[in-house]
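Everything on this sheet refers to the single structure shown next.
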Amino acid sequence: MSFRLDMFAACLLAGPALADDDALRRAAAESYVKAPAQQRILDDILSIELMVVQITSNNPALPEDQHPEVVRLAVEEFARERPNLEAAMIDAAFHTFTLAELKALDRFYRTPEGQAVMKKQDVYSRSLWHGVSQISKSLQDRVMERVKLELLGGE
């Protein structure tokens, strides 16, 4: 095995370039997560209204006049946890997307069209999964029917 000075030099020079690329990608991930569309995801995750409904329905003995206090406690706890959720989103974006992809996503979701798309994601997902579940059920039924007829001899 011979030592190759050119390969060693290339590795030394690549180190800072890779670190720079990571820094740029991390900054792009942060910008993407700070975009209004991604902040809306956090707002949905940290929905105080949903949390209060869940807490109060699971605790029927909690007097109604204390519900505003539940809201206050939820606001405090959500505010404390939001930076951790943002950090998790940034880390996930950093490890999932390339620098070019992050820049493109960030640009798109900052446009009126991108923000409109994000607002419609829940409706789209529910509609999609409704259709997928119906197709999946039908497909499973057909496969089971064929298994019975062709593999189990009609049993």
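Just add 1448 to wherever you are in the sequence shown, counting from 1, and you've got this note's numbering. Ideal Cβ positions, reconstructed from N, Cα and C, are used throughout, including at glycine. Here the structure is a predicted model, which means the values were calculated and not measured.
- Beta-carbon to beta-carbon, Leu1550 and Ala1541 are separated by about 6 angstroms, close enough to satisfy the 8 angstroms threshold.
- In the three-state scheme derived from DSSP, where H, G and I count as helix and E and B as strand, Asn1507 is classed as coil.
- Looking only at Leu1600, Asn1506 and Asp1554, the smallest Cα-Cα distance to Glu1478 is reached by Asp1554.
- With contacts defined by Cβ atoms closer than 8 angstroms, Ala1471 and Met1566 do not form a contacting pair.
- Taking the C-beta atoms as reference points, Ile1496 is found nearer than 8 angstroms to Ala1522.
- If you look at Gln1563, you'll find it in the alpha helix (DSSP H) that goes Pro1560 to Arg1594.
- Going by DSSP, Phe1545 is part of no alpha helix (DSSP H) at all; its letter is neither H nor E.
- Residues of the same chain with their beta carbon placed closer than 7 angstroms to that of Met1592 are lacking, with the five preceding and five following residues left out of the count.
- Taken atom to atom, the span from the alpha-carbon of Pro1531 to that of Ala1552 is near 24 angstroms.
- Counting along the chain, the unbroken alpha helix (DSSP H) around Gln1487 starts and ends at Pro1484 to Ile1493.
- Under the three-state reduction of DSSP output, Leu1553 falls in the helix class.
- The DSSP-derived three-state label of Leu1600 is coil.
- Taking a C-beta distance under 8 angstroms as the contact criterion, Ala1483 and Tyr1557 qualify as a contact pair.
- When the alpha-carbon of Ile1493 is set against those of His1515, Pro1508, Ala1527 and Asn1506, the nearest one is in Ala1527.
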